[in-house]
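Note sheet for the following structure.
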Amino acid sequence: MRFIYAPLFFFVFICVAVIIVTMSGGFVWLLPLLLVAIGISAFCEWRWPYRDRWNRDHGDRLRDVLHASVNESLNVLSIAAIPLIAPWLPDLGIWPTHWPLGLQLLLAIPIADLGITLVHYASHRSALLWRLHAVHHSVARMYGFNGLMKHPLHQLLEALGGTLPLLLCGMPQDVTALLAFSIAIQLLLQHSNVDMRLGVLRHVFAWAPLHRLHHLKYGHHGDVNFALFFAFWDRLLGTALYLPDYELADDDLGIGDQPDYPSGYAAQLRQPFSATQASHPPAVLPAGLRDALADYAER
């Protein structure tokens, strides 16, 4: 199960979504399908956990529910507003609307992935963008549901980076809805607490064993594995990292120089605009991680 969980979860849910939208001509059933995916994700994390402690409520579950509810509601509203926005956008008219929905989605995902990955990369280079993105990095544990935890303004920036070029090409509303659903499924897998094994798929998909390293709290050691869907973007950026022999400790995640980052929902919405951004000396790199990084550098 540890080897088949990620590809099974990814392909089954996205294929079912394509079938539903193709047969119904609408995307209203994608939200209930996402709730089913969240439930299955939680069950599998309980059954095959990477870290038992990450399954326990750290006083953050309600906050994560609020983040996910607000962000997914904004996604739905944005998709619903596409017919109203489209007349105001230049339409290059080059989108292959005559293709089956599945093929249109296959075209949209890597293009959106590149845009989102570049916004994500920039968010670790720009102090202004980092203020917004730090909300997501404040998590002290990883489980599928907190993949949906982001500051809404940063989610907007990533959405614009990923979808605006596609909308300008004429991508229709139903494909946009499928793309948003696919991104949510991928975020559940990226942040999953399932003890999954990727094998050769680690060269293709940026799932949890890669993305957990991105959430390391030890300064710039977490500036790796930025890609949303596909791991090859990080190889092109020179930011790929894979440490199969290092098991993350319960407390390896977070923002090492801001251990007191606000944990409440309202406080996290305000924090990027706070004049005071208290910082502390960076967290000390554990010896096991230091050795694993040295071995990786020697390969």
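With the first letter of the sequence shown counted as 1, position 32 gets the number 47 in my numbering; the numbers rise by one all the way through.
No residue lacks a Cβ here, since even glycine has one placed at the ideal position from N, Cα and C.
For residue i, is the classification buried or exposed, using 16 other Cβ atoms within 10 angstroms of its Cβ as the cut-off for buried?
{"i": "ASP306", "result": "exposed"}
{"i": "PRO115", "result": "exposed"}
{"i": "PHE18", "result": "exposed"}
{"i": "ASP67", "result": "exposed"}
{"i": "TRP61", "result": "exposed"}
{"i": "PRO296", "result": "exposed"}
{"i": "ILE34", "result": "exposed"}
{"i": "THR112", "result": "exposed"}
{"i": "TRP103", "result": "exposed"}
{"i": "PRO105", "result": "exposed"}
{"i": "ARG156", "result": "buried"}
{"i": "GLY54", "result": "exposed"}
Which residues mark the beginning and the end of the alpha helix (DSSP H) in which residue i is found?
{"i": "ASN86", "result": "76 to 95"}
{"i": "VAL150", "result": "142 to 152"}
{"i": "TYR280", "result": "280 to 285"}
{"i": "SER197", "result": "188 to 205"}
{"i": "GLY117", "result": "116 to 138"}
{"i": "MET38", "result": "20 to 39"}
{"i": "GLY54", "result": "45 to 62"}
{"i": "GLU262", "result": "Unbroken run through GLU262: none, as it is neither H nor E."}
{"i": "PRO224", "result": "223 to 229"}
{"i": "HIS235", "result": "Taken as a continuous stretch (DSSP letters only), HIS235 belongs to no alpha helix (DSSP H), as it is neither H nor E."}
{"i": "ALA309", "result": "302 to 313"}
{"i": "GLN365", "result": "Within the shown structure, residues of the chain are numbered from 16 to 314, placing residue 365 beyond reach of any answer."}
{"i": "LEU251", "result": "247 to 252"}
When you compare each of the options to residue i by their alpha carbons, which one comes out closest?
{"i": "LEU122", "options": "PRO187, ASP72, GLN286", "result": "PRO187"}
{"i": "LEU300", "options": "ALA281, ASP272, LEU45", "result": "ASP272"}
{"i": "LEU147", "options": "SER39, LEU304, ALA302, SER289", "result": "SER289"}
{"i": "GLY74", "options": "SER278, GLN286, SER294, ASP310", "result": "SER278"}
{"i": "SER56", "options": "ALA32, MET16, TYR158, PRO22", "result": "TYR158"}
{"i": "LEU23", "options": "ASN208, SER93, LEU213, THR178", "result": "LEU213"}
{"i": "ALA223", "options": "TYR65, TYR311, ASP275, ILE97", "result": "TYR65"}
{"i": "SER141", "options": "ILE97, ASP238, ASP72, LEU284", "result": "ASP238"}
{"i": "ASP189", "options": "ASP310, GLU173, LEU284, VAL91", "result": "VAL91"}
{"i": "ILE198", "options": "VAL85, SER84, LEU163", "result": "LEU163"}
Near residue i, which residues of its chain fall below 7 Å by C-beta distance, leaving aside the five closest residues on each side in sequence?
{"i": "TRP161", "result": "It is Asn, not Trp, that sits at residue 161 in the sequence shown. Closer than 7 Å at the Cβ level, and outside the excluded window around ASN161, lie ASP79, VAL154, HIS206."}
{"i": "TRP315", "result": "Within the shown structure, residues of the chain are numbered from 16 to 314, placing residue 315 beyond reach of any answer."}
{"i": "GLY130", "result": "GLY176, GLY177, PRO180"}
{"i": "THR37", "result": "LEU116"}
{"i": "MET16", "result": "TRP63"}
{"i": "ALA52", "result": "PHE28, ILE200, LEU203"}
For residue i, collect the residues of the same chain with a Cβ closer than 6 Å to its Cβ; drop the 5 residues on either side in sequence, then sort them by chain order.
{"i": "HIS226", "result": "GLN205, ASN240"}
{"i": "VAL209", "result": "TYR20, CYS59, GLU60, TRP63"}
Just to confirm my understanding: we take residue i, look at its own chain, exclude 5 residues before and 5 after, and list those with CB closer than 8 Å. What are they?
{"i": "ILE109", "result": "CYS184, GLY185"}
Original post:
Okay, do the stretch 146 to 157 and the stretch 252 to 259 touch, 3+ Cβ pairs below 8 Å being the bar?
Top reply: no
Original post:
Is there contact here, the stretch 162 to 174 with the stretch 130 to 138, by at least three beta-carbon pairs under 8 Å?
Top reply: yes
Subject >> Contact between the stretch 34 to 53 and the stretch 236 to 253 (3+ Cβ pairs under 8 Å) >> reply: no
Original post:
Should the stretch 26 to 34 be called in touch with the stretch 194 to 214, which here means at least 3 C-beta pairs below 8 Å?
Top reply: yes
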